[in-house]
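Structure first, commentary second.
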Amino acid sequence: AQKVTQAQTEISVVEKEDVTLDCVYETRDTTYYLFWYKQPPSGELVFLIRRNSFDEQNEISGRYSWNFQKSTSSFNFTITASQVVDSAVYFCAHTPQGAGNMLTFGGGTRLMVKP
Amino acid sequence: GAVVSQHPSRVICKSGTSVKIECRSLDFQATTMFWYRQFPKQSLMLMATSNEGSKATYEQGVEKDKFLINHASLTLSTLTVTSAHPEDSSFYICSAGPAGGTGELFFGEGSRLTVL
């Protein structure tokens, strides 16, 4: 069975600070996908990234960047120069390849960015 | 891009009534859809896998007679909370991906159920 751990339940930063959200996963699957989603107060899940287990390249998208370290089973997410609009709950998730949409979610990290 | 739509987004009902939530894939066919439940300030937990044309597969601890799932077509799955009670109040969210797709996941907007 898969397990996703987000050790940080809440993080509070001041605007313009950089912040890293940690994600550690456990899996016996050789091929799998990892995801990050943002959930603002309205509730909908906003897709941020999907990473294939074969692709360990780090990715940058604007102020967002992701560090995938297969050796440590971690898939951390960094927001550079945080903004108030980044305030939300962020979920890391895992799915084995071929499992369709059956995601295992981490507990989530509530990020609060203060002006 | 592909869209998954849920309806209703919010519903308030009296204890003992049944509530139906719909999940539609708008521009692709989905042989499988997934239903999740999220209690306040908690993570999303998979409830069941909805399979088109066959019975749903429920996760351990989820009562199948309580949460009826019907996946009658390739674009629609419904979740019916039967004889709802206050403890069923939660945020229900579905997901689906194109048949044959690889890891493409789309979530509905979610449905917030409040049982009085």
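As given, the protein sequences belong to chains Z and B, one line each in that order.
If you read the first sequence in our numbering, its first letter stands for residue 1259, the second for the next number, and so on.
If you read the second sequence in our numbering, its first letter stands for residue 7, the second for the next number, and so on.
In this text, a Cβ means the ideal position worked out from N, Cα and C, and glycines have one as well.
Between the segment 1330-1347 of chain Z and the segment 70-80 of chain B, the count of C-beta pairs closer than 8 Å stays below three; the two stretches do not touch.
Listed in chain order, the beta strand (DSSP E) runs fully inside the segment 1271-1311 of chain Z are 1277-1279, 1282-1284, 1290-1297, 1304-1310, counting runs of at least 3 residues. According to the DSSP secondary-structure assignment, Asn1316 of chain Z is paired through a beta bridge with no residue.
Residues Gln12, His13, Pro14, Ser15, Arg16, Val17, Ile27, Phe97, Tyr98, Ile99 of the same chain have their beta carbon placed closer than 8 Å to that of Ser117 of chain B, with the five preceding and five following residues left out of the count. For Ile99 of chain B, the nearest CB of chain Z lies under 8 Å from its own CB, placing it at the interface with that chain. Residue-level contact check: Phe1333 of chain Z does not touch chain B, since none of the beta carbons of chain B fall below 8 Å from its beta carbon.
8 Å or more divides the Cβ of Cys1281 of chain Z from the Cβ of Asn1316 of chain Z. Residues of the segment 40-73 of chain B with a C-beta atom less than 9 Å from some C-beta of chain Z are Phe40, Tyr42, Gln44, Lys47, Gln48, Ser49, Leu50, Met51, Leu52, Thr55, listed in chain order.
Annotation for Ser1323 of chain Z: the continuous beta strand (DSSP E) segment containing it runs 1322-1327.
For Pro1354 of chain Z, DSSP records a beta bridge to Z:Tyr1290.
Per the C-alpha coordinates, the member of B:Leu119, B:Ala102, B:Thr120 positioned closest to Phe34 of chain B is B:Ala102. For the segment 1300-1320 of chain Z, the residues whose beta carbon sits under 8 Å from a beta carbon of chain B are, in order, Gly1301, Glu1302, Leu1303, Phe1305, Arg1308, Asn1310. For Glu28 of chain B, the secondary structure class from DSSP, reduced to helix, strand or coil, is strand.
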